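Accompanying notes for the structure given below.
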Amino acid sequence: MKRGILSCLVGFLSFVFLLSCGGGIPKLPDGILDISVNEIFDAYVDIAGLATPSLYSAPETPIELSPFSPVLTITLEKSEGTVFHILFLGKAYDLEFGTLNIDLTEAESGLYPLTVTTRAGVSSRDSQKQVWIKVDNGIEMPKVTLTWLEKELATIELFWKTDSAENAFVSLYLRADTAGEAIDFGIEELQPNVGRPVTFPNLQKGQSYQVGLKRNGEPAINWLASFKTFRDMEEGFQLFYWLDLTEPSTHKVKVGVFGYYKDLSELYLDNYGYHTEGGLARAQERELYSEPEISMDIQENNKLIQFDLKNNPEGYFRLSYTSDKSAIVTSNHGIQGYFCPDYLIASHEQILYGPGAFIGRSGILNENPDFFRASLSLYMLGGWDASTGWEEESPGVYTFPATYSSKIEEFFHASHIYAYQSDAFIKETKQYGAHSFHIILSGSVDRRIINDLQTIYQFLTALWGGTMDIPAYTIMITDPPNNDQSLYAYAGEWTTGQGFSSNWGIIGEMVIHQMFHLWNAWAKGIPCTHDYHMGFWYEGVNEYYCDKILTEIDFQTSSFPPHPCLEEWYRIYKTVRGTSADKPLIIKDEGDPFPDKTLVYWKGAVFAYALDREIRNRSSGRYSLDDFLKHLLIQYNERGGLFSYAAILDYLRQIIPAGLDDWWQQYMVNNEPLFLEEFE
Numbered sequence: 001m002k003r004g005i006l007s008c009l010v011g012f013l014s015f016v017f018l019l020s021c022g023g024g025i026p027k028l029p030d031g032i033l034d035i036s037v038n039e040i041f042d043a044y045v046d047i048a049g050l051a052t053p054s055l056y057s058a059p060e061t062p063i064e065l066s067p068f069s070p071v072l073t074i075t076l077e078k079s080e081g082t083v084f085h086i087l088f089l090g091k092a093y094d095l096e097f098g099t100l101n102i103d104l105t106e107a108e109s110g111l112y113p114l115t116v117t118t119r120a121g122v123s124s125r126d127s128q129k130q131v132w133i134k135v136d137n138g139i140e141m142p143k144v145t146l147t148w149l150e151k152e153l154a155t156i157e158l159f160w161k162t163d164s165a166e167n168a169f170v171s172l173y174l175r176a177d178t179a180g181e182a183i184d185f186g187i188e189e190l191q192p193n194v195g196r197p198v199t200f201p202n203l204q205k206g207q208s209y210q211v212g213l214k215r216n217g218e219p220a221i222n223w224l225a226s227f228k229t230f231r232d233m234e235e236g237f238q239l240f241y242w243l244d245l246t247e248p249s250t251h252k253v254k255v256g257v258f259g260y261y262k263d264l265s266e267l268y269l270d271n272y273g274y275h276t277e278g279g280l281a282r283a284q285e286r287e288l289y290s291e292p293e294i295s296m297d298i299q300e301n302n303k304l305i306q307f308d309l310k311n312n313p314e315g316y317f318r319l320s321y322t323s324d325k326s327a328i329v330t331s332n333h334g335i336q337g338y339f340c341p342d343y344l345i346a347s348h349e350q351i352l353y354g355p356g357a358f359i360g361r362s363g364i365l366n367e368n369p370d371f372f373r374a375s376l377s378l379y380m381l382g383g384w385d386a387s388t389g390w391e392e393e394s395p396g397v398y399t400f401p402a403t404y405s406s407k408i409e410e411f412f413h414a415s416h417i418y419a420y421q422s423d424a425f426i427k428e429t430k431q432y433g434a435h436s437f438h439i440i441l442s443g444s445v446d447r448r449i450i451n452d453l454q455t456i457y458q459f460l461t462a463l464w465g466g467t468m469d470i471p472a473y474t475i476m477i478t479d480p481p482n483n484d485q486s487l488y489a490y491a492g493e494w495t496t497g498q499g500f501s502s503n504w505g506i507i508g509e510m511v512i513h514q515m516f517h518l519w520n521a522w523a524k525g526i527p528c529t530h531d532y533h534m535g536f537w538y539e540g541v542n543e544y545y546c547d548k549i550l551t552e553i554d555f556q557t558s559s560f561p562p563h564p565c566l567e568e569w570y571r572i573y574k575t576v577r578g579t580s581a582d583k584p585l586i587i588k589d590e591g592d593p594f595p596d597k598t599l600v601y602w603k604g605a606v607f608a609y610a611l612d613r614e615i616r617n618r619s620s621g622r623y624s625l626d627d628f629l630k631h632l633l634i635q636y637n638e639r640g641g642l643f644s645y646a647a648i649l650d651y652l653r654q655i656i657p658a659g660l661d662d663w664w665q666q667y668m669v670n671n672e673p674l675f676l677e678e679f680e
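Each residue of the sequence shown is one higher than the one before, counting from 1 in the numbering used here.
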């Protein structure tokens, strides 16, 4: 130990003299070490393996770390009653003794002060020492942008943003997936603030690749970006999306849509809405480059891009635009998608032009599954992670999931893209067989929310008797935009997930409602016959179970009185009961919209509650509406059985003598007034 051999060190004669004279180790009045004394500082603090760090207290004489040192190691000796407070690279650390390793992998090259302060317990810091550290992480990593893509060729641009006036050099690498051998593409010379194009020829068709860079003296390759080449096809088209998320302070996402088409008579991409009126990608700076030449026409108030393929038998194109995801408040769910230095939450309708309408409305995939392929890559800053509704094929490359082929229009309008700084969020995953339930939670939000959300999901899984056939479901909850409680961010909800800011409220009817739809609606919910309007089934039964869950679950972060929703819904129902505004819930679906879209929610919930109560009463408590949900899922999984109102009545005849046909006809069809004494 350093302190044990101090009396033997010739370099510390003054320190030894001080001890020999009976002065002891210099301490401040409250008993903490006085590290302003160089000898004391050197005796108790070791920085980067140096026993005399006090020699490096000026920026002209810093501690020079080896190039690309991954950590800065600080070792502290124990002194009774002293706590060391260390400040470096904007982060603070408190330690009584031991070893501290500070990560340097994200630090830029430069000179940085390191301040060490001693204190006792929670007293003020009275003794301080500063040394200087020189970090050499090479040049700032150049930005990689995919600029062109074909079946056997790709072109990127390297852009080095710097204040330097000198050129720099980087080694460039390429590999297929992560298992592929890194191919050395040689050394590229970078000019300050000038783009450097690099073309990769002779690539494999339909293959994912990673681009890597290594700076002078760097021991390992940095794999920075990913792309996937197009594959052969007889007819159809393919898309590759490149989303640049490296400038979050601008609130703008740079989008590149690369396409390959063959034997098409027409082609268009849309930004139609799923929950909105559409056009919310808010595309700016649109540009089209193509080989051979084609043109585009922006239509329907920026919601549609129609391409003129000029009778070309096949070709490639790149559509680029910037999507504005700043805090723009709308009249529909607040801020529609938001991008900031900590996160991006967006649904496809809020950021992408896609082929949903073009492919989905043609039904072509039912006849030719190979007609269309799509992949996506997110180019992000270091320390960021992502979750999308796409299937991760290889690191950095996501592919359109085949499970949504029959719902491609919904997918390209309603699925999600979430990205976030890993150290600002908590991610937790729970597996249900092959199905994953992800929660991504801002670090400022009560972590017990994760337990409450998992409890809701487990309740629903038990209620239905299983999960639906989807790869994953993700909930992302962020801080409000700009941490302003008056600003509400919203990223839609669908089969793949839901995202919103915490000030909407978390544990409540809305988050449960969207989870319930996994089973009874959306892309993979149990299909319906649609001979009658399905509002009661989609929304009313759903809302009833929201109320039931809020009543029955003992949450860690929230508390609710019995029937927190039904009390209000029944009050609303009483205001219209028996009037002309009171419409029946079960009416034929002849293509016309339901007379009152809101009625199916609140009245539907009240009548679902009454139906459940009637089932329990007539079966002497042996059965409930819960049992029908389990029965329905079994029928669907085993025989592809569809939901219909007739299916409810058939099941009730099996479990209850004479069934509930009379009650159903009286209240659901004839719309006779319903009275529930417990809510009157």
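Glycine residues also receive a C-beta, built at the ideal position from the N, C-alpha and C atoms.
Please read all numbers here as calculations on a predicted model, not as lab measurements.
Cβ neighbours of Ser290 in the same chain (closer than 8 Å, five flanking residues each side left out): What you label residue 290 is simply residue 290 of the sequence shown in a count that begins at 1. The answer, listed in chain order, is Gly315, Tyr316, Phe317 and Arg318.
Closest by C-alpha distance to Asn193, when choosing among Asp596, Pro70 and Val144: Within the sequence shown, numbered from 1, the residue matching residue 193 stands at position 193. The closest CA to that of Asn193, considering only Asp596, Pro70 and Val144, is found on Val144.
Glu680 in three-state terms, based on DSSP: On the sequence shown, position 680 is the one that residue 680 refers to. Coil, per DSSP.
7 Å CB neighbourhood of Ser127 in its chain, flanking five on each side removed: Residue 127 sits at position 127 when you count from the first residue of the sequence shown. These residues qualify, in order along the chain: Leu28, Ile32, Leu33, Asp34, Ile35, Ser36, Thr117 and Thr118.
Beta-carbon gap between Gly212 and Leu203 smaller than 8 Å: Working through the sequence shown from its first residue, we reach residue 212 at position 212. Working through the sequence shown from its first residue, we reach residue 203 at position 203. For Gly212 and Leu203, no; Cβs fall outside 8 Å.
Opening and closing residue of the beta strand (DSSP E) in which Tyr343 lies: Numbered from 1 along the sequence shown, position 343 holds the residue referred to as residue 343. First-last of the beta strand (DSSP E) with Tyr343: Tyr343 to Ser347.
Closest residue to Glu77 among Asp46, Thr575 and Ile187 (Cα-Cα distance): Taking the first residue of the sequence shown as position 1, residue 77 is located at position 77. Looking at the Cα atoms, Asp46 is the closest of the given residues.
Of the listed residues Lys630, Leu649 and Asp547, nearest to Val606 (C-alpha basis): Position 606 of the sequence shown holds residue 606. Looking at the Cα atoms, Asp547 is the closest of the given residues.
Under the three-state DSSP convention, the category Val669 falls into: On the sequence shown, residue 669 is found 669 positions in, with the first residue counted as 1. Val669: helix per DSSP, three-state reduction.
Cα-Cα separation between Tyr112 and Trp132, rounded to whole angstroms: Start at 1 with the first residue of the sequence shown, and residue 112 comes out as number 112. Start at 1 with the first residue of the sequence shown, and residue 132 comes out as number 132. Cα to Cα, Tyr112 sits roughly 6 Å from Trp132.
Pro113 - partner residues in DSSP beta bridges: Residue numbering aside, residue 113 sits at position 113 when the sequence shown is read from its first letter. Paired residues: Trp132.
Backbone CA spacing between Asp596 and Phe679 [nearest angstrom]: Counting from 1 along the sequence shown, the entry for residue 596 is found at position 596. Counting from 1 along the sequence shown, the entry for residue 679 is found at position 679. Asp596 and Phe679: Cα-Cα distance of roughly 23 Å.
Cβ neighbours of Trp390 in the same chain (closer than 7 Å, five flanking residues each side left out): Mapped onto the sequence shown, residue 390 falls at position 390. So the qualifying residues of the chain are Leu376, Tyr398, Thr399, Phe400 and Pro401.
Delimiting residues of the beta strand (DSSP E) encompassing Val144: Translated into positions along the sequence shown, residue 144 becomes position 144. Lys143 to Leu149 is the extent of the beta strand (DSSP E) around Val144.
Sequence ranges, alpha helix (DSSP H) only - wholly within the stretch 396-435, length at least 4: Given a length threshold of 4 residues, each whole run of the alpha helix (DSSP H) inside the stretch 396-435 is given here in chain order: 408-414.
Residue interval of the beta strand (DSSP E) (run including Phe185): For this step, residue 185 is matched to residue 185 along the sequence shown. For Phe185, the uninterrupted beta strand (DSSP E) run begins and ends at Ile183 to Leu190, by DSSP.
For Ile655, three-class secondary structure by DSSP: Position 655 of the sequence shown, counted from the first residue, corresponds to residue 655. Ile655 falls in the helix class under three-state DSSP.
Which of helix, strand or coil DSSP assigns to Val37: Here residue 37 refers to the residue found at position 37 when the sequence shown is read from its first residue. In this structure, Val37 counts as coil in the three-state DSSP scheme.
Three-state secondary structure (DSSP) of Asp592: Residue numbering aside, residue 592 sits at position 592 when the sequence shown is read from its first letter. Coil at Asp592, not helix or strand.
7 Å Cβ shell around Arg282 - same chain, five flanking residues per side excluded: As a working mapping, residue 282 is identified with position 282 in the sequence shown. Cβ neighbours of Arg282 beyond the five flanking positions: Ser323 and Asp324.
Separation of Lys303 from Asn510, as counted between CA atoms: Here residue 510 corresponds to residue number 510 of the sequence shown, with the count starting at 1. Here residue 303 corresponds to residue number 303 of the sequence shown, with the count starting at 1. It is Met, not Asn, that sits at residue 510 in the sequence shown. Their Cα atoms are separated by approximately 29 Å.
Pair within 8 Å by beta-carbon distance, Asp297 and Ala357: Within the sequence shown, numbered from 1, the residue matching residue 297 stands at position 297. Within the sequence shown, numbered from 1, the residue matching residue 357 stands at position 357. Against a cut-off of 8 Å, the Cβ pair of Ala357 and Asp297 comes out as no contact.
Start-to-end residues for the beta strand (DSSP E) that takes in Ile475: On the sequence shown, residue 475 is found 475 positions in, with the first residue counted as 1. Unbroken beta strand (DSSP E) run through Ile475: Ala472 to Thr478.
For Gln299, the first and last residue of its enclosing beta strand (DSSP E): Locating residue 299 in the sequence shown gives position 299, counting from the first residue. Per DSSP, Gln299 belongs to the beta strand (DSSP E) from Ser295 to Gln299.
Cβ distance (whole Å) where Ser66 is taken to contact Tyr44 below 8 Å: Locating residue 66 in the sequence shown gives position 66, counting from the first residue. Locating residue 44 in the sequence shown gives position 44, counting from the first residue. Not really, about 24 Å apart at Cβ, beyond 8 Å.
His517 - DSSP class collapsed to helix/strand/coil: Position 517 of the sequence shown, counting from 1, holds the residue named residue 517. Helix.
Reduced DSSP secondary structure (H/G/I, E/B, other) of Glu393: Indexing the sequence shown from 1 puts residue 393 at position 393. The answer is strand: DSSP assigns Glu393 an E or B state.
Burial state of His530 (16 or more Cβ within 10 Å): Working through the sequence shown from its first residue, we reach residue 530 at position 530. Flag for His530 reads exposed.
Close Cβ partners of Glu235 (< 8 Å) along its chain, the five nearest in sequence each way excluded: Here residue 235 corresponds to residue number 235 of the sequence shown, with the count starting at 1. So the qualifying residues of the chain are Lys262, Asp263, Leu264, Asn368 and Phe371.
Given 8 Å, three or more beta-carbon pairs between the stretch 326-344 and the stretch 478-492: Flag = yes, the stretch 326-344 and the stretch 478-492 touch.
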